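S.K.: Residue numbers (my numbering): 54 to 356.
Glycine residues also receive a C-beta, built at the ideal position from the N, C-alpha and C atoms.
Because the structure is a prediction, the values reported are computed rather than measured.
The structure that follows is given in the form of structure tokens.
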């Protein structure tokens, strides 16, 4: 079975990680759960690894001119990005289905504080190439390798600002040797096994396909899925200073998982935004108090 390209309208940004599932897909999974769970789990793992295409503006925010083009490579695959300003680098890492303009509101204040800002597209996102999987597919582990490759090529990070799955990829990159002084995470995906349950509900399959999906994902990333939880991976990072910002209204990434991450991360700070509503997962990227808190947390570049 193949799946049509998933497009998320701007009006549905609050469901940005997983757009509404076509009723035909849900009906097919209902039957496969009962008669062919093996086929259903094989299809499910491909859907899981396919980032949605967010139907959003490709332009940077007003006042942000095109940056200097740059690229990096990991395992021979090309990662495309841009940079602005001069100084110690701050890296911007978008989330699942995102692209580099999504964190564009951070560029001007960081450049004004004396930093070089580097934003890039993760594998199989926007302009960057896919990794080992089919075109249009990737995994958390591939995204982490891409983050590590970019930081390795353009220099140790004064800070990384990351959103959603980008925060998880960044945590893996740091755990595997990427040099980062500070981390600022916005609405990270804290506990991946939880998303299997949500994925199953959205796609209308039950425990047989869900169990097969779990096994296939672990084979694909070559590790137990619970070891991708940020509370587990964070223990291998050395715990750089962390500012985590989340809104309890976020329907895509549960706020409670961020509370557990901060509780497990010595010295971490949790900033709670309020009232961003069902679009909180993306509104937080343009929430001025959150942007200011991150810029203040990073501080001005050293002379």
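Does DSSP put residue 319 in a helix, a strand or coil?
M.R.: Residue 319 sits at position 266 when you count from the first residue of the chain shown. It is coil, neither helix nor strand.
S.K.: Counting pairs of Cβ atoms below 8 Å between the region 160-177 and the region 229-243, do you hit three or more?
M.R.: With a cut-off of 8 Å, the region 229-243 and the region 160-177 do not count as touching, because too few Cβ pairs lie within range.
S.K.: Hey, could you find the ends of the beta strand (DSSP E) residue 143 is sitting in?
M.R.: Within the chain shown, residue 143 is the residue found at index 90, counting from 1. Element bounds for residue 143: 142-146.
S.K.: Buried or exposed for residue 276, going by 16 or more other Cβ atoms inside 10 Å?
M.R.: Reading the chain shown from its first residue, position 223 is the one you call residue 276. Classification for residue 276: exposed.
S.K.: From residue 326 to residue 355, what does the alpha carbon distance come to, in whole angstroms?
M.R.: What you label residue 326 is simply residue 273 of the chain shown in a count that begins at 1. What you label residue 355 is simply residue 302 of the chain shown in a count that begins at 1. Computed Cα separation, rounded: 29 Å.
S.K.: Taking the beta carbon of residue 91 as the centre, do at least 16 other beta carbons fall within 10 Å, making it buried, or is it exposed?
M.R.: Residue 91 sits at position 38 when you count from the first residue of the chain shown. Answer is exposed; the Cβ neighbour count stays below 16.
S.K.: From what residue to what residue does the alpha helix (DSSP H) around residue 344 run?
M.R.: Position 291 of the chain shown, counted from the start, is the residue given in the question as residue 344. First-last of the alpha helix (DSSP H) with residue 344: 341-351.
S.K.: Per DSSP, residue 122 forms a beta bridge with which residues?
M.R.: Reading the chain shown from its first residue, position 69 is the one you call residue 122. Per DSSP, 135.
S.K.: Tell me, which residues are paired with residue 214 by DSSP?
M.R.: Along the chain shown, read from residue 1 onward, the residue named residue 214 stands at position 161. Answer is 145 and 237, bridged to residue 214.
S.K.: Please tell me whether residue 165 and residue 131 are closer than 8 Å, where the distance is taken between their beta carbons.
M.R.: Here residue 165 is taken as the residue at index 112 of the chain shown, counted from 1. Here residue 131 is taken as the residue at index 78 of the chain shown, counted from 1. No; because the gap between Cβ atoms is not below 8 Å, this pair is not in contact.
S.K.: When every heavy atom of the ligand FAD is checked, does at least one fall within less than 7 Å of the C-beta of residue 294?
M.R.: Only the bare structure without any ligand can be found here, which leaves the ligand FAD out of the picture.
S.K.: Is the region 324-343 touching the region 262-280 in the sense that three or more CB pairs, one from each, lie closer than 8 Å?
M.R.: Judged by Cβ distances under 8 Å, the region 262-280 makes no contact with the region 324-343, as fewer than three pairs qualify.
S.K.: Given this structure, state the Cα-to-Cα distance separating residue 281 from residue 145, to the nearest angstrom.
M.R.: Translated into positions along the chain shown, residue 281 becomes position 228. Translated into positions along the chain shown, residue 145 becomes position 92. Whole-angstrom Cα-Cα distance: 21 Å.
S.K.: Under three-state DSSP, which class holds residue 256?
M.R.: Along the chain shown, read from residue 1 onward, the residue named residue 256 stands at position 203. It is helical.
S.K.: Beta-carbon within less than 7 Å of residue 23's beta-carbon, same chain only, minus the 5 sequence neighbours each way: which residues are those?
M.R.: Beyond the ends of the chain as shown, which are 54 and 356, falls residue 23; an answer cannot be given.
S.K.: Could you check if residue 254 is buried or exposed, using at least 16 other CB atoms within 10 Å of its CB as the buried criterion?
M.R.: Taking the chain shown and counting its residues from 1, one reaches residue 254 at position 201. Exposed is the call here.
S.K.: Quick one: what's got a C-beta closer than 6 Å to residue 272's C-beta in the same chain, skipping five residues either side?
M.R.: Looking up residue 272 in the chain shown gives position 219. No residues qualify anywhere along the chain.
S.K.: At 4 residues or longer, what runs of the alpha helix (DSSP H) sit wholly inside the region 158-228?
M.R.: Whole alpha helix (DSSP H) segments, 4+ residues: 160-165, 193-207 and 218-228.
S.K.: Using the Cα positions of residue 304 and residue 251, report the straight-line distance between them to the nearest angstrom.
M.R.: Numbered from 1 along the chain shown, position 251 holds the residue referred to as residue 304. Numbered from 1 along the chain shown, position 198 holds the residue referred to as residue 251. Roughly 11 Å between the two C-alpha positions.
S.K.: Within 10 angstroms of the Cβ of residue 77, are there 16 or more other Cβ atoms? Answer buried if so, exposed if not.
M.R.: Working through the chain shown from its first residue, we reach residue 77 at position 24. Exposed, since its Cβ has fewer than 16 Cβ neighbours within 10 Å.
S.K.: Cβ atoms of residue 297 and residue 311: under 8 Å apart, would you say?
M.R.: Walking along the chain shown from the start, residue 311 turns up at place 258. Walking along the chain shown from the start, residue 297 turns up at place 244. Contact: yes.
S.K.: Determine the direct distance from the alpha carbon of residue 220 to that of residue 106, and round the result to whole angstroms.
M.R.: Translated into the one-based positions of the chain shown, residue 106 becomes position 53. Translated into the one-based positions of the chain shown, residue 220 becomes position 167. Their Cα atoms are separated by approximately 19 Å.
S.K.: Report, in whole angstroms, the separation of the C-beta atoms of residue 334 and residue 290, which I expect to be a contact under 8 Å.
M.R.: Numbered from its first residue, the chain shown carries residue 334 at position 281. Numbered from its first residue, the chain shown carries residue 290 at position 237. Wrong, their Cβ atoms sit about 24 Å apart, outside the cutoff.
S.K.: For residue 271, which three-state DSSP category applies?
M.R.: The count along the chain shown starts at 1 and reaches residue 271 at position 218. Three-state result, residue 271: helix.
S.K.: Confirm, please, whether the CB-CB distance from residue 149 to residue 218 is below 8 Å.
M.R.: Sequence index remark: in the chain shown, residue 218 carries index 165 (1-based). Sequence index remark: in the chain shown, residue 149 carries index 96 (1-based). In contact: residue 218 and residue 149 (Cβ atoms closer than 8 Å).
S.K.: Going by DSSP, name the residue or residues bridged to residue 249.
M.R.: Here residue 249 corresponds to residue number 196 of the chain shown, with the count starting at 1. DSSP output for residue 249 lists no bridge partner at all.
S.K.: Could you tell me the distance, in whole angstroms, from the CA atom of residue 56 to the CA atom of residue 100?
M.R.: To locate residue 56, count along the chain shown from 1; it is residue 3. To locate residue 100, count along the chain shown from 1; it is residue 47. With a pLDDT of only 36 at residue 56, under the threshold of 50, the placement of this residue in the model should not be trusted; the figure read from the coordinates follows. In a straight line, the C-alpha of residue 56 is about 8 Å away from that of residue 100.
S.K.: Could you pull out every residue in the same chain whose Cβ sits closer than 6 Å to the Cβ of residue 204, ignoring the five residues on either side in sequence?
M.R.: Working through the chain shown from its first residue, we reach residue 204 at position 151. The residues are 210 and 231.
S.K.: Using a Cβ-Cβ cutoff of less than 6 Å, which residues in the same chain neighbour residue 180 once the five nearest sequence positions on both sides are dropped?
M.R.: On the chain shown, position 127 is the one that residue 180 refers to. Result list for residue 180: 133 and 174, in chain order.
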